[in-house]
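Q:
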Amino acid sequence: MTLKPPKPTFTIRQLNQIQALIITDPKPHILNPLLKTLIQSSNSNTQNAFLIYNQMLHHPLAYNHYTFTYALQACTLTHTHQKGLEIHASVIKCGHLHDLFIQNSLIHFYCVTRNDIFSAHQIFNSIIYPDVVSWTTIISGLSKCGFFREAIDMFAAMNVKPNCNTLVCVISACSGLGSLKFGKAIHGYNLRNFHEDNVILENAVLDFYVRRGSPESARHLFVKMPKRDVVSWTTMIGGYVQRGFCEEAVRVFQEMLQTKETEPNEATLVNVLSACSSISALNLGQSVHSYINSRNGFWVSNLVGNALINMYVKCGEMGMAIQVFNMLKDKDIISWSTVTSGLAMNGYGKQALQLFSLMIVNWVHPDDITFIGLLSACSHGGMVDQGLMIFKAMSVYKIVPQIQHYACMVDMYGRAGHLEEAEAFIREMPCEADGPVWGALLNACRIHGNERMFEKIKQKLIYMKGVSAGTFALMSNTYASADRWEDANKVRNDIRSMRLKKKAGCSWIEMKN
DNA sequence: ATAGGGTTAG
Numbered sequence: 001m002t003l004k005p006p007k008p009t010f011t012i013r014q015l016n017q018i019q020a021l022i023i024t025d026p027k028p029h030i031l032n033p034l035l036k037t038l039i040q041s042s043n044s045n046t047q048n049a050f051l052i053y054n055q056m057l058h059h060p061l062a063y064n065h066y067t068f069t070y071a072l073q074a075c076t077l078t079h080t081h082q083k084g085l086e087i088h089a090s091v092i093k094c095g096h097l098h099d100l101f102i103q104n105s106l107i108h109f110y111c112v113t114r115n116d117i118f119s120a121h122q123i124f125n126s127i128i129y130p131d132v133v134s135w136t137t138i139i140s141g142l143s144k145c146g147f148f149r150e151a152i153d154m155f156a157a158m159n160v161k162p163n164c165n166t167l168v169c170v171i172s173a174c175s176g177l178g179s180l181k182f183g184k185a186i187h188g189y190n191l192r193n194f195h196e197d198n199v200i201l202e203n204a205v206l207d208f209y210v211r212r213g214s215p216e217s218a219r220h221l222f223v224k225m226p227k228r229d230v231v232s233w234t235t236m237i238g239g240y241v242q243r244g245f246c247e248e249a250v251r252v253f254q255e256m257l258q259t260k261e262t263e264p265n266e267a268t269l270v271n272v273l274s275a276c277s278s279i280s281a282l283n284l285g286q287s288v289h290s291y292i293n294s295r296n297g298f299w300v301s302n303l304v305g306n307a308l309i310n311m312y313v314k315c316g317e318m319g320m321a322i323q324v325f326n327m328l329k330d331k332d333i334i335s336w337s338t339v340t341s342g343l344a345m346n347g348y349g350k351q352a353l354q355l356f357s358l359m360i361v362n363w364v365h366p367d368d369i370t371f372i373g374l375l376s377a378c379s380h381g382g383m384v385d386q387g388l389m390i391f392k393a394m395s396v397y398k399i400v401p402q403i404q405h406y407a408c409m410v411d412m413y414g415r416a417g418h419l420e421e422a423e424a425f426i427r428e429m430p431c432e433a434d435g436p437v438w439g440a441l442l443n444a445c446r447i448h449g450n451e452r453m454f455e456k457i458k459q460k461l462i463y464m465k466g467v468s469a470g471t472f473a474l475m476s477n478t479y480a481s482a483d484r485w486e487d488a489n490k491v492r493n494d495i496r497s498m499r500l501k502k503k504a505g506c507s508w509i510e511m512k513n
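Numbering-wise, UniProt numbering puts 153 at position 153 of the first sequence, and it's gapless, one number per residue.
This is the structure in structure tokens:
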């Protein structure tokens, strides 16, 4: 990655000096900035920051209301939920809960560490005169938690003048909601009320148009932006990928390299690699890989490394995928799972299971998606016994099988020709079978020429509730069987986005209570 | 000396 500026480090001696100050010369206006520097220096200093904070709290002269905002910032930056709750309690105990800066810090803390919009909202409601930061923070929190509509409603309810930051949050809520009407209204508001260039706000607007508007409107905005930075370019590329304009995304990336306006960063590379994966463009993917290698001092993070692995997997180049995998210093669960399912997809079922053993030996804990890869390895490799064993092993890792796992099992039985077992498996499932599950069985009927069962299930599906989701999934499976991975992935993405929407809707009811 | 903002993998 691009070289980051060196962050200040603290020696043990300096830490001791701060600790001595707390006792000998407890002045908050000296100690607080030291605490701030410690927090903002690096994540590895967080424990030291909390140590200093604890000691300051034990000396009534050493801290004041500023101290809590710094401590809360440390929790937010490092996602330290428990410590934040403790700080919240201390704030109450010390009688500082009505400090607006602390309240705003708390709103942000609850949104970021646990997506706890409920607690955040409680704090917000306790503020008598919320300022523009309070409003912006709660709007941002709602939007980040998927309550796009509520974020926009909050914006409409504001009784103080919004600023650029507020607009950034609400326009990103419009992107999330997919409301062209609201988004354009916010864009118009922006043009009428803010005249100075703010590249962050421009990028948020750009993101809205590239994801929700026409590609031309996004392109138009992009071209006439007074200032473009790496995020502007990445937004274009990422947005085009999401919309399925993968060739266009790669073109923008090449344009970025040619114009040399800014250097791509990690996010840019992840997005362009994702474009290459979607269209199985091996040559383009390799050229991105070469570009990465050509950047001296570029440290290949897991994010980029995994994106590379995924690209090679989707292009069927398992050799290269494994080569990148071996290069990664700290392989994470995604690295392992990507290669595992890659092996499965490319017909190396046995090797996928071997890799799983290696993963366990390396103390990497499998998750639900790992098991989807493993089960599909068994189903494509005709390894029914192993598949059953893997399925049972899920409980060892405390993973409750989801509908996708059941679909894999049905697919496994079905492909192996055990149609009766597959049907029995569906009957004994603890949850209702959905489209992909029936689709797997239908597919099996087709492979093994069991027309009687095929017709029976087809009739059943027609009368099923939620046919649209089922039909989608069925299409996904049919595509997959015809080796049209591209279309299958696309349909699967549609399902994924449908599911996300549904989730947000459910939570909204919870919040009202 | 305190709070909020845009792009990131299976």
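Just so it is clear, CB atoms sit at the ideal spot from N, CA and C, and this is done for glycine as well. All of these numbers come straight from a predicted model, not from anything done at the bench.
For the ligand HEM, any of its heavy atoms closer than 8 Å to the Cβ of Glu432?
A: The ligand content of the structure shown is nil, which means the ligand HEM is not present either.
Q: For the region 231-245 against the region 268-286, do three or more pairs of beta-carbon atoms, one drawn from each stretch, fall closer than 8 Å, so that the two count as touching?
A: With the cut-off at 8 Å, the region 231-245 and the region 268-286 touch.
Q: CB-CB under 8 Å to Ala20, same chain, minus the five flanking residues each way: which ones, in chain order?
A: Nothing listed; no residue qualifies.
Q: In its own chain, which residues sit with a C-beta less than 7 Å from the C-beta of Gly349, not counting the 5 before and 5 after it?
A: Ala377, Cys378, His380, Gly381, Met383, listed in sequence order.
Q: Can you name the start and end residues of the alpha helix (DSSP H) that Asp367 belongs to?
A: No alpha helix (DSSP H) holds Asp367; DSSP gives it neither H nor E.
Q: Given this structure, state the Cα-to-Cα distance separating Pro366 from Ser337, to the nearest angstrom.
A: Going from the Cα of Pro366 to the Cα of Ser337 covers about 8 Å.
Q: Report the start-end ranges of each beta strand (DSSP E) in the region 245-324 that is 3 residues or longer and not cut off at the edges.
A: Correct list: empty.
Q: Can you tell me where the alpha helix (DSSP H) holding His29 begins and where it ends?
A: Where His29 is concerned, the enclosing alpha helix (DSSP H) stretches over 28-41.
Q: Give every residue of the same chain whose Cβ lies closer than 8 Å to the Cβ of Leu57, excluding the five residues on either side of it in the sequence, and list them in chain order.
A: Closer than 8 Å at the Cβ level, and outside the excluded window around Leu57, lie Tyr63, Thr67, Ser90.
Q: Rounded to whole angstroms, what's the CA-CA distance from Pro436 to Val410? Just pull it up for me.
A: Near 10 Å, if we compare the C-alpha coordinates of Val410 and Pro436.
Q: Take Asn43 as the anchor and find which of Leu77, Thr137, Glu216, Met464 has the nearest alpha-carbon.
A: Per the Cα distances, Leu77.
Q: Have a look at His59, Leu38, Gln55 and flag the residue whose alpha-carbon is nearest the alpha-carbon of Tyr70.
A: Cα-wise, what sits closest to Tyr70 is Leu38.
Q: Where does Phe101 sit, in a helix, a strand or coil, going by DSSP?
A: Looking at Phe101 - three-state DSSP - the assignment turns out to be helix.
Q: Are Arg149 and Ala173 close, meaning C-beta to C-beta below 9 Å?
A: Closer than 9 Å, so yes.
Q: In terms of alpha-carbon separation, which member of Gly213, Cys111, Val160 lies closest to Ser175?
A: The shortest Cα separation from Ser175 among Gly213, Cys111, Val160 belongs to Gly213.
Q: If we call anything under 9 Å between Cβ atoms a contact, is Val170 one with Ser134?
A: Taking 9 Å as the Cβ cut-off, Val170 and Ser134 do not qualify as a contacting pair.
Q: Note down the Cα distance separating Arg492 from Trp363, rounded to an integer number of angstroms.
A: Because the pLDDT at Arg492 is just 42, under 50, the model does not fix this residue reliably, and the value given afterwards should be weighed accordingly. Rounded to whole angstroms, Arg492 to Trp363 spans 31 Å at the Cα level.
Q: Give every residue of the same chain whose Cβ lies closer than 6 Å to the Cβ of Gly178, excluding the five residues on either side of it in the sequence, and list them in chain order.
A: These residues qualify, in order along the chain: Arg212.
Q: Provide the residue span of the alpha helix (DSSP H) that contains Cys169, from first to last.
A: Element bounds for Cys169: 164-177.
Q: Go ahead and label Met412 buried or exposed: buried means 16 or more other beta carbons lie within 10 angstroms of its beta carbon, across all protein chains shown.
A: Met412 should be labelled buried.
Q: Leaving out five residues on either side along the sequence, give the residues of the same chain with a beta carbon under 7 Å from the beta carbon of Ile22.
A: Same-chain partners within the cutoff: Leu31, Gln55, Met56, His59, Ala62.
Q: Whole alpha helix (DSSP H) runs in the UniProt repeat "PPR" (367-401) with 4 or more residues, listed along the chain?
A: As far as the UniProt repeat "PPR" (367-401) is concerned, its whole alpha helix (DSSP H) runs of at least 4 residues are 368-380, 384-393.
Q: I'd like to check one pair, Leu284 with Asn306: are the Cβ atoms closer than 9 Å?
A: No.
Q: What is the DSSP secondary structure of Asp229, counted as helix, strand or coil?
A: Here Asp229 sits in coil by DSSP.
Q: Can you tell me the Cα-Cα spacing of His121 and Glu248, whole angstroms?
A: Near 41 Å, if we compare the C-alpha coordinates of Glu248 and His121.
Q: Of the residues Lys398, Val396, His79, Glu423, which one's Cα is nearest the Cα of Tyr406?
A: Taking only the C-alpha atoms, the option nearest Tyr406 is Glu423.
Q: Compute the Euclidean distance between the alpha carbons of Val396 and Glu455, then round it to the nearest angstrom.
A: Whole-angstrom Cα-Cα distance: 38 Å.
Q: At the level of alpha carbons, what is the spacing between Asp229 and Asn326?
A: Cα to Cα, Asp229 sits roughly 33 Å from Asn326.
Q: Which parts of the UniProt repeat "PPR" (402-436) are runs of the alpha helix (DSSP H), unbroken and 4 residues or longer, counting only runs that do not cross its ends?
A: Counting whole runs of 4 or more residues, the UniProt repeat "PPR" (402-436) contains the alpha helix (DSSP H) stretches 403-415, 419-428.
Q: Excluding the five sequence neighbours on either side, which residues of its own chain have a C-beta within less than 7 Å of the C-beta of Met311, listed in chain order?
A: The residues are Leu273, Cys276, Ser277, Gly285.
Q: Drop a sphere of 10 angstroms on the beta-carbon of Trp299, count the other beta-carbons inside from all chains shown, and report buried for 16 or more, exposed for fewer.
A: So Trp299 counts as exposed.
Q: Along the chain, which unbroken stretches of the alpha helix (DSSP H) at least 4 residues long are found entirely within the region 116-168?
A: Here the runs fully enclosed are 117-126, 132-144, 148-157.
Q: By the three-class DSSP mapping on this structure, what secondary structure does His108 have?
A: Helix at His108.
Q: Taking the alpha-carbon positions, what's the Leu180 to Ala151 distance?
A: For Leu180 and Ala151, the distance between alpha carbons rounds to 15 Å.
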